[in-house]
Amino acid sequence: MNPYILAILLFGLGLGTTITFASSHWLLAWMGLEMNTLAIIPLMAQHHHPRAVEATTKYFLTQATAAAMLLFASVTNAWLSGQWDIQQMTHPLPTTIITLALALKIGLAPVHAWLPEVLQGLDLTVGLILSTWQKLAPFALILQINPTNSTILIILGLTSTLIGGWGGLNQTQLRKILAYSSIAHLGWMILVLQFSPSLTLLTLLTYFVMTFSTFLVFKLNKATTINTLATSWTKAPILTSLTPLILLSLGGLPPLTGFMPKWLILQELAKQDLALTATVAALSALLSLYFYLRLSYAMTLTMSPNNLSGTTPWRLSSSQSTLPLAISTATAICLLPLAPAATALLTP
Numbered sequence: 001m002n003p004y005i006l007a008i009l010l011f012g013l014g015l016g017t018t019i020t021f022a023s024s025h026w027l028l029a030w031m032g033l034e035m036n037t038l039a040i041i042p043l044m045a046q047h048h049h050p051r052a053v054e055a056t057t058k059y060f061l062t063q064a065t066a067a068a069m070l071l072f073a074s075v076t077n078a079w080l081s082g083q084w085d086i087q088q089m090t091h092p093l094p095t096t097i098i099t100l101a102l103a104l105k106i107g108l109a110p111v112h113a114w115l116p117e118v119l120q121g122l123d124l125t126v127g128l129i130l131s132t133w134q135k136l137a138p139f140a141l142i143l144q145i146n147p148t149n150s151t152i153l154i155i156l157g158l159t160s161t162l163i164g165g166w167g168g169l170n171q172t173q174l175r176k177i178l179a180y181s182s183i184a185h186l187g188w189m190i191l192v193l194q195f196s197p198s199l200t201l202l203t204l205l206t207y208f209v210m211t212f213s214t215f216l217v218f219k220l221n222k223a224t225t226i227n228t229l230a231t232s233w234t235k236a237p238i239l240t241s242l243t244p245l246i247l248l249s250l251g252g253l254p255p256l257t258g259f260m261p262k263w264l265i266l267q268e269l270a271k272q273d274l275a276l277t278a279t280v281a282a283l284s285a286l287l288s289l290y291f292y293l294r295l296s297y298a299m300t301l302t303m304s305p306n307n308l309s310g311t312t313p314w315r316l317s318s319s320q321s322t323l324p325l326a327i328s329t330a331t332a333i334c335l336l337p338l339a340p341a342a343t344a345l346l347t348p
């Protein structure tokens with residue numbers, strides 16, 4: 001892709017998110033979300049592969065539907081209450097519709113079906129942008145409207161954690177596994193949103209760091225299926241021995257960074273007398289943990305086939321810069337000791 005066009009598209013992505021962040025009016029927020037969608041579409045379809053084009057079309061249709069729902073709900077809110085301000089959502093009907101529209105935007109279950117399909121059709125770099133940056137603007141709006149209907153949030157959260165765990169069990173494609181991982185993590189964030197928005201933000205940031213690290217590892221190994229992970233030992237032995245730690249951090253095992261948000265969320269849910277919800281969420285984390293363990297096993301404990309097509313990838317060294325990978329890997333593994341500092345910042 002022409003670097004000037006790429007720069008314009010990335011600028012459009014950044015600007016769309018920034019407009020949504022900065023807006024207090026629903027029309028401006030909607031405009032920022034639309035800019036975001038329109039800027040990433042050429043990036044998604046840049047390889048002109050039929051799968052990429054199909055993924056782009058699916059993405060465009062879901063995002064357009066969500067944006068139309070959002071616009072409809074904000075107009076309804078203005079009609080019912082005479083108020084266009086994002087933080088003045090008083091009527092339950094538009095608030096619920098907007099919550100569902102934003103759930104569709106980020107891919108929460110039960111409106112998640114587009115996310116694994118779309119992510120599977122993209123290359124890892126655009127997949128990384130879709131899994132991280134594209135979640136920021138809708139999340140900013142979810143945090144601002146602070147949905148009052150607690151039942152719908154808990155249902156969305158629990159469904160997402162369960163479907164994110166179950167859906168990933170049967171997959172062999174890494175991008176689909178990461179998509180289901182994304183759905184499960186978003187479920188955890190939505191569960192605690194009404195009780196502690198700052199904790200949701202902390203979970204979002206740790207998820208970003210861990211996902212960034214995972215995507216960069218897969219990109220360095222040029223791996224898209226579980227089987228191709230087996231060649232990584234020959235290519236980058238030190239990285240391969242660290243990768244299970246990143247994956248287990250995504251799964252939420254102590255003493256890794258990913259344990260911190262899960263631990264704090266379960267603690268917060270228990271404080272709010274939602275012991276059953278906390279139990280279901282904790283059990284659903286075990287489902288996710290299984291497929292992370294499966295990836296770790298395939299990467300570190302299996303040998304790749306020794307035929308000609310199996311050994312070819314070993315000879316090609318990657319030209320990718322390893323500094324971002326080193327920083328994000330260290331962060332994804334070592335930040336649990338900062339948990340007391342994080343809790344001190346979170347408590348009002």
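For the sequence shown, position 176 (counting from the first letter as 1) is numbered 176 according to the UniProt record's numbering, and the numbering increases by one without interruption.
Every residue, glycine too, gets a C-beta built ideally from N, C-alpha and C.
Given a cut-off of 8 angstroms on the beta-carbon distance, is the pair residue i and residue j in contact?
i, j, result
"phenylalanine 291", "glycine 168", "yes"
"leucine 130", "leucine 119", "yes"
"glutamine 260", "alanine 342", "First, the amino acid is wrong: residue 260 is methionine here, not glutamine. Result yes, Cβ atoms of methionine 260 and alanine 342 sit closer than 8 angstroms."
"glycine 165", "serine 284", "yes"
"isoleucine 333", "serine 249", "yes"
"leucine 325", "valine 209", "no"
"proline 244", "methionine 303", "no"
"alanine 67", "tryptophan 30", "yes"
"serine 23", "glycine 32", "yes"
"leucine 335", "proline 254", "no"
"leucine 269", "threonine 277", "yes"
Taking the straight line between their C-alpha atoms, what separation do you get for residue i and residue j?
i, j, result
"alanine 275", "isoleucine 8", "49 angstroms"
"proline 50", "threonine 257", "38 angstroms"
"leucine 174", "isoleucine 226", "6 angstroms"
"glutamine 134", "proline 197", "19 angstroms"
"leucine 220", "alanine 344", "37 angstroms"
"lysine 262", "leucine 27", "35 angstroms"
"isoleucine 246", "leucine 61", "33 angstroms"
"leucine 141", "leucine 124", "27 angstroms"
"methionine 44", "leucine 122", "6 angstroms"
"threonine 20", "proline 147", "18 angstroms"
"glutamine 272", "histidine 47", "49 angstroms"
"leucine 143", "leucine 204", "12 angstroms"
"methionine 189", "alanine 236", "34 angstroms"
Taking the alpha carbon of residue i as the point to measure from, which residue in the options has its own alpha carbon closest?
i, options, result
"tyrosine 207", "Ser196, Ser181, His91 and Leu345", "Ser181"
"glycine 12", "Glu34, Trp30 and Leu28", "Glu34"
"glycine 127", "Leu178, Leu191 and Leu335", "Leu178"
"alanine 115", "Ile97, Gly32, Ala55 and His47", "One detail in the question is off: residue 115 reads as leucine in this sequence, not alanine. Comparing Cα-Cα distances from leucine 115 to each of Ile97, Gly32, Ala55 and His47, the minimum goes to Ala55."
"proline 110", "Ile5, Ile333 and Ile155", "Ile155"
"isoleucine 152", "Thr172, Leu193 and Thr132", "Leu193"
"asparagine 149", "Gly121, Ile98 and Lys176", "Ile98"
"glutamate 117", "Ala270, Ser321, Ala66 and Ala52", "Ala52"
"threonine 17", "Leu301, Thr132 and Gln83", "Thr132"
"glycine 251", "Thr214, Ala29, Leu136 and Thr65", "Thr214"
"isoleucine 327", "Thr234, Thr95, Gln267 and Leu239", "Leu239"
"phenylalanine 195", "Pro340, Phe212 and Gln267", "Gln267"
Which whole-angstrom value describes the C-beta separation of residue i and residue j, a residue pair presumed to lie in contact below a C-beta threshold of 8 angstroms?
i, j, result
"leucine 191", "isoleucine 265", "6 angstroms"
"leucine 93", "proline 138", "That pair is no contact at about 20 angstroms."
"leucine 80", "leucine 202", "In fact, because the Cβ distance is near 34 angstroms, the residues do not count as touching under 8 angstroms."
Using a Cβ distance threshold of 8 angstroms, determine whether the region 69 to 84 contacts the region 38 to 49, with at least three qualifying pairs required.
Taking a cut-off of 8 angstroms on C-beta distances, the region 69 to 84 does not touch the region 38 to 49, as fewer than three cross pairs fall below it.
Within the chosen definition, does the region 147 to 165 reach the region 181 to 191 through at least 3 CB pairs nearer than 8 angstroms?
Yes, the region 147 to 165 is in contact with the region 181 to 191.
So, does the region 267 to 282 touch the region 226 to 235, judging by three or more C-beta pairs under 8 angstroms?
Touching, no.
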